[in-house]
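S.K.:
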Amino acid sequence: MHNARTESQSIAAYDPYVREQQRDAIHEAASELGDVRVAHVNTTASGGGVAEILHSLVPLLNDVGVDTDWLVMDAPDEFYDVTKAIHNGLQGDRSEFTESMRETYRTVTVENAQALTDRYDVVVLHDPQSLGMAPTLAETFPETVLVWRCHIDLTDATPAYLEFVQSYLDPIDRAIFTLPEYGDAISGVEKVAVHPAIDPLTEKNRPLDELSGAAAEAADPESFPFDTDRPLMLQISRFDPWKDPLGVIDAYHDVTESVPDTQLALVGSMPDDDPEGIEVYRKVEAAAADSPDVHLLTNLPDAGINALQRYADVVLQKSLREGFALTVSEALWKGTPVVGGDVGGIPLQIDDGVNGYLVEPMDIAGTADRVTGLLEDDQLRASLGDRGRETVRERFLTPRLVEDYLTLLATVTE
Ligand code: UDP
1009 MHNARTESQS IAAYDPYVRE QQRDAIHEAA SELGDVRVAH VNTTASGGGV
1059 AEILHSLVPL LNDVGVDTDW LVMDAPDEFY DVTKAIHNGL QGDRSEFTES
1109 MRETYRTVTV ENAQALTDRY DVVVLHDPQS LGMAPTLAET FPETVLVWRC
1159 HIDLTDATPA YLEFVQSYLD PIDRAIFTLP EYGDAISGVE KVAVHPAIDP
1209 LTEKNRPLDE LSGAAAEAAD PESFPFDTDR PLMLQISRFD PWKDPLGVID
1259 AYHDVTESVP DTQLALVGSM PDDDPEGIEV YRKVEAAAAD SPDVHLLTNL
1309 PDAGINALQR YADVVLQKSL REGFALTVSE ALWKGTPVVG GDVGGIPLQI
1359 DDGVNGYLVE PMDIAGTADR VTGLLEDDQL RASLGDRGRE TVRERFLTPR
1409 LVEDYLTLLA TVTE
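Counting in my numbering, the sequence shown runs from 1009 upward without gaps.
1. Alpha helix (DSSP H) containing I1358: first to last residue?
2. Checking 8 angstroms against the spacing of the C-beta atoms, do V1155 and R1182 come in under that value?
3. Starting from I1244, follow the beta strand (DSSP E) in both directions and report where the run begins and ends.
4. What distance in whole Å lies between the Cβ atoms of D1129 and T1115, which are believed to be in contact at a cut-off of 8 angstroms?
5. So for H1203, helix, strand or coil by DSSP?
6. What do you get for P1207, buried or exposed, if any count of 16 or more other CB atoms within 10 angstroms of its CB means buried?
7. Can you tell me where the alpha helix (DSSP H) with V1066 in it begins and where it stops?
8. Cβ atoms of G1349 and Q1325: under 8 angstroms apart, would you say?
9. How about R1013 and D1023: are their beta carbons less than 8 angstroms apart?
10. Am I right that T1136 and L1098 are in contact with their C-beta atoms under 8 angstroms? What's the rounded C-beta distance?
11. Would you mind reading off the limits of the alpha helix (DSSP H) that contains A1123?
12. Helix, strand or coil for H1425? Go by DSSP, reduced to three states.
13. Using three-state DSSP, classify E1338 as helix, strand or coil.
14. Could you tell me the boundaries of the beta strand (DSSP E) in which F1185 lies?
15. Based on the DSSP secondary-structure assignment, which residues constitute the bridge partners of L1216?
16. Would you kindly work out how many angstroms separate the C-alpha atoms of Y1025 and I1372, rounded to a whole number?
17. Spatial neighbours of D1258 within its chain, please: C-beta separation below 7 angstroms, excluding the five flanking residues on both sides.
18. Sorted by chain position, which residues of the same chain lie with C-beta nearer than 6 angstroms to H1303's C-beta, five sequence neighbours on each side aside?
19. Along the alpha helix (DSSP H) that carries R1027, what are the first and last residues, could you check?
20. Going by DSSP in three states, V1292 sits in which element: helix, strand or coil?
21. Output needed for V1323: all residues of its chain with C-beta closer than 6 angstroms, excluding positions within five of it in sequence on either side, in chain order.
22. What is the residue span of the alpha helix (DSSP H) that D1135 lies within?
23. Answer with buried or exposed for I1184, where buried requires no fewer than 16 other C-beta atoms within 10 angstroms of its C-beta.
24. State the Cα-Cα distance for the pair V1256 and G1381, rounded to the nearest angstrom.
25. Taking all protein chains shown into account, decide if N1011 is buried (16 or more other Cβ within 10 angstroms of its Cβ) or exposed.
26. Rank A1333, A1038, P1369 by C-alpha distance to the C-alpha of T1421 and give the top, closest one.
27. At which residue ranges does the segment 1073-1105 contain complete beta strand (DSSP E) runs of 3 or more residues, listed in the order of the chain?
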């Protein structure tokens, strides 16, 4: 286990985005909490939604006076192959879960739990990857409250994977899900729902004219391989079958029948804990080989992601399964309408026809129709975009998440 590095941040910097009532509630909750020491544990310090959230949440909890560490597990590549299979199995993939996979998982999670020598009042284990640490932690630190933050929707989980997860839940005091129903399939643990949030002050989300130096360069449209004067569809996602990048390319081809000069950018990162990414990337590359206006971009800096979400005319999040999809709130915050699959946390963020459109996940023609309608109507894009920004301001900005965590910490330590 090693500590992830975070930049310090002050909750006061969020004042422009926070109602007075929320500001007071945060300070009151933090002062009532007293001295508690908290650790968040996950498997990567960069790439994917969990790392994105922890980079904001951890410094802010420290700023309001909650002593909070972020610990990252150390694990060999084979562990990530197993945890990716568990992730997929929990999302409904039926592939086999062998005894040797279980053994790899057990060994690595126990080793990481044994490597933790500091005592915390509360340890928050993120996702199935770190859940396996729970029994060892409970033995070593019986006083520590163990929270499992599951970012996955378990509704369609394959039984073998679900039972495996269930077998680790005994020592867990509280399980957090993005939506209450995501955890219906598990039992014996108290559950709470907390929606994720995006940080308006990061290089990914702040106004482009506030960027400087390398960030401003990364956001410069000159550095993009497409024409910013022509329509642009964009999906930003890990290269993962559940994000359906091949479906996005199919929808793009449909759109070009009505709006021929449309371009598509598929942007993805290759996080350390996602071995499947490169395989999916190759498939996407092959599918896009004959389409000069389909651009695959990898490992862009945050400021580049920010600029793309603003230059895009329509953002897609055509997921087949989804926990929350931070990418939806990120785009809405920039006033860009989103066409998203009607799965997981996407309908929580998109009010169909109000700030974007929801489409049936496998419906390529329906997706293309919605995108085409938006590309052909500047006013519609602008009005949906304006409402999208309001949705995020009301419900999905970091200070609300800080408040939710303070409430949770108060409940589990009282
Ligand atoms: N992301 C990024 N670069 C990429 C792809 C994704 O910075 O090339 C970020 C994206 O902006 C978002 C996060 O990674 O903040 C993905 O979170 P989301 O909840 O959408 O999906 P997850 O990867 O957790 O399934």
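Using N, Cα and C, we set each Cβ at its ideal position, and we do this for glycine too.
Computed from a predicted structure; not experimentally measured.
M.R.: The answer reads as follows:
1. Segment: none, I1358 is in no alpha helix (DSSP H) and carries neither H nor E.
2. yes
3. 1240-1244
4. Their Cβ separation, rounded to whole angstroms, is 28 angstroms, which puts T1115 and D1129 out of contact at 8 angstroms.
5. coil
6. Inspection of the sequence shows that residue 1207 is occupied by Asp rather than by Pro. D1207 comes out buried.
7. 1057-1071
8. yes
9. no
10. According to the sequence as given, residue 1136 is Pro; it is not Thr. Rounded, the Cβ-Cβ distance is 6 angstroms, consistent with contact.
11. 1107-1123
12. No statement about residue 1425 is possible, as the shown extent of the chain runs from 1009 to 1422 and does not include it.
13. helix
14. 1182-1185
15. DSSP lists no partner for L1216.
16. 37 angstroms
17. I1372
18. P1233, F1234, A1273
19. Neither: R1027 is in no alpha helix (DSSP H) and is coded neither H nor E.
20. helix
21. L1242, A1339, T1344, V1346
22. 1135-1139
23. buried
24. 16 angstroms
25. exposed
26. A1038
27. 1075-1080
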